[in-house]
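Residues in the sequence shown are numbered from 336 upward in steps of one, following my numbering.
Just so it is clear, CB atoms sit at the ideal spot from N, CA and C, and this is done for glycine as well.
Model, not experiment: these values are computed from the prediction.
Written below as structure tokens is the structure these notes are about.
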Amino acid sequence: MKEQRDKLPENTISYYHQIKEKIESEELEALFVDNVTEQLSTELLLICKSQAISRIVENFINCYNFSRKHVISLINCVKEDWISFSSHRFSSHVAQTLIKRVVTTMDDNDTSDSELTNLIITIFTSFMQDIEENVLHCYMSHVIRAFIEILTNSNYNRDLLHGKDTIKYKKNVTTKKTSNLCSSESESIINVFTARLFNLPNIDELCINPVANPVIQTVLLSNSFKTQNNITLLKSFIESISSGKIGFSKIMSDRVGSILIENLFKIMTDKMKSKFYKSYIKHEIEVFQSDKLMHNILKGFILYANAKQTKRILKLIEISVILDNKNFVLLSTMSQKLFDLKELDLTNLFIQKIMDEFECKEVNSDLLYYILSMKRPNQLKENFKSDILENRQATYYGSIILQNLINLECEKISLVLINERNDLFVKWCNNGLASRVIDVLLKSSNKEILLSIHEKLMTLSVQLSTSPCGSRIMDKLFEDCTYETFKSIANKLSKRASKISNDKYGRFIWKRLNIELYSKNIKQWECKFNLKQKPKFKKSHNKKNLKL
């Protein structure tokens, strides 16, 4: 029977906040937290099975004055019934919040906290009695993951558990406060838990279970697997899922199983990855390139491969198959990998394969549009260049590939783009995805390319200053241009005063350059901006942060 969901009274949470807001001093707030904790500790297990109350308790646990002693008090009150506490729909959320609060309430000066360590380990041990049943429990599995993160002091991007594209979803992982739990004891209990979990006879079936799979991944991605001691355990795990009833191929073709395999490459040794390449990728490259799930595994392999393995993959991949199946992420991942490796031979091989596919004998203007749109010549109309830039045919991954190639100091590609016709270049700058390629050009460490792009933007400054993306590019140009370029742009814009100053975006550039002052008194304008002391170019260029 489906569990009845409580209706949350409208004023319950707001009433709780009103009480907190009335407290004026820290002493009274501390007293308030003490009193509420004391009352909760007598009936926490019972009251947290209500949706309304569980939400209030979560909010209370996260309040500023909730300290170490309060954490210990609430954990102790349900220590004997932690399995029951973690297996309920609403109380399991309170359990997770309470465990995560352990780290933030620890004393910064303590090198270790033996009392909290023993308490956490005692509770975590209870999950190992029926380990298979517990990791398969919908609510309890989330609590187990919270324990693993605390015990291993792990800090990773949770998007990895759900297979989100590591290029597209570049979310910054906030730096968590490190836990002061006793490392040796924590490591010991995690190793016992991992060994029991990985030695289950049906571990391969758990790998494709949507509830148990994230628990396995949390263990694999935790800090405990960054030590040399667990290489043997990892080998054993890979052998177990390879020789199981389901088999490696079935796991790779499963939605959650493929995510697990993709993340496995992060901790595999080079020898393990080479064995995987010979056993699977080498013989089934077409499937890896075309299948919607398995191409993510190939993407993961490329991300963590060494130079030798990358070269093997690059020779094997067929760009025609990738384009036919629209798995553009593989090409963008490969371009990102080449940028990381900075191997000239591999880069030239990659560009040549793309040119062959797009029927280009040399790097020319057409090639840029083919890459940007990820379309072959026969798929495009006669006036395809304007169509791609104006009709939203530019692709995210095409933009990323061009950014990476320019970052790899591919002068031919950079110069072809800079020498593009003025009307088309303006459209490049005004297209949201294509304009990011121009951003990368502005960060080039090649002085000739920088001078060329600065001159091009200076020539088109009036057209670009009155568009959203164009004005952003102009603003970036001002950060790194020479005094002559800066002054020349101010001169050009001052002659089109009405057009620039009355435009929504042009007004920003108008104020940024203070054109009004320039028109009245150039010497005063120069003194205000102190332009003659501006460096001609920045000494360092950060190429790592590709934006979209």
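Reference TRP298; option with closest CA among GLU450, GLU393 and LEU724: Missing from the structure shown is residue 298; the chain here goes from 336 to 883 and no further.
Delimiting residues of the alpha helix (DSSP H) encompassing ASP758: 757 to 765
Using three-state DSSP, classify ASN507 as helix, strand or coil. For ASN507, the predicted model reports a pLDDT of 37, less than 50, meaning its position is unreliable and no value from the coordinates is stated.
Helix, strand or coil: which one does DSSP assign to CYS542? helix
Please go through the same chain and pick out, in chain order, the residues whose beta-carbon is closer than 7 Å to the beta-carbon of VAL751, but skip the five residues on each side of it. VAL698, ASN699, SER700 and LEU703
Could you check whether the Cβ of GLN738 sits closer than 9 Å to any Cβ belonging to chain B? This model lacks chain B altogether, as it is built from one protein chain only.
Compute the Euclidean distance between the alpha carbons of ILE788 and LEU666, then round it to the nearest angstrom. 27 Å
Is GLN464 helix, strand or coil when you go by DSSP? coil
What's the gap between the Cα of LYS617 and the Cα of LEU651? 8 Å
Residues near ASN548 by beta carbon distance below 8 Å, same chain, minus five either side: Its chain contains LEU541, CYS542, VAL591, GLY592, ILE594 and LEU595 as the residues whose beta carbon lies nearer than 8 Å to that of ASN548, once the 5 sequence neighbours on both sides are disregarded; these appear in chain order.
Here's a check: name, in chain order, each residue in its chain whose Cβ is nearer than 7 Å to the Cβ of GLU678, leaving out the five neighbours to either side. Same-chain partners within the cutoff: ALA642.
Boundaries (first-last residue) of the alpha helix (DSSP H) holding ASN526: In this chain, the alpha helix (DSSP H) harbouring ASN526 covers 518 to 533.
Jot down the residue ranges of each uninterrupted alpha helix (DSSP H) in the region 697 to 768, minimum 4 residues, whole runs only, in chain order. 700 to 708, 719 to 725, 731 to 742, 746 to 753 and 757 to 765
Buried or exposed: which applies to ARG756, given that a residue is buried once 16 or more other Cβ atoms fall within 10 Å of its Cβ? exposed
Using the three-state DSSP reduction, which class does ALA640 fall into: helix, strand or coil? coil
Where do the ends of the alpha helix (DSSP H) carrying LYS613 lie? Unbroken run through LYS613: none, as it is neither H nor E.
Rounded to whole angstroms, what's the CA-CA distance from THR668 to CYS383? Just pull it up for me. Answer to the nearest angstrom: the Cα atoms are 46 Å apart.
Once the 5 residues before and after VAL478 are set aside, which same chain residues still bring their CB inside 6 Å of it? SER421, SER427, ALA430 and GLN431
Looking at PHE760: is its Cβ nearer than 9 Å to the Cβ of LEU737? no
Determine the DSSP secondary structure at LYS627, reduced to helix, strand or coil. coil
Spatially closest choice to PHE821 from ASN837, TRP845 and SER802, by CA coordinates: For PHE821, the closest of ASN837, TRP845 and SER802 by C-alpha to C-alpha distance is TRP845.
If you follow the alpha helix (DSSP H) that ILE566 is in, where does it begin and where does it stop? 566 to 578
Please classify TYR615 as buried or exposed, where buried requires at least 16 neighbouring CB atoms within 10 angstroms. buried
Does the Cβ of GLU484 have 16 or more other Cβ atoms within 10 Å, making it buried, or fewer, making it exposed? buried
Can you give me the start and stop residues for the alpha helix (DSSP H) that CYS862 sits inside? 857 to 864
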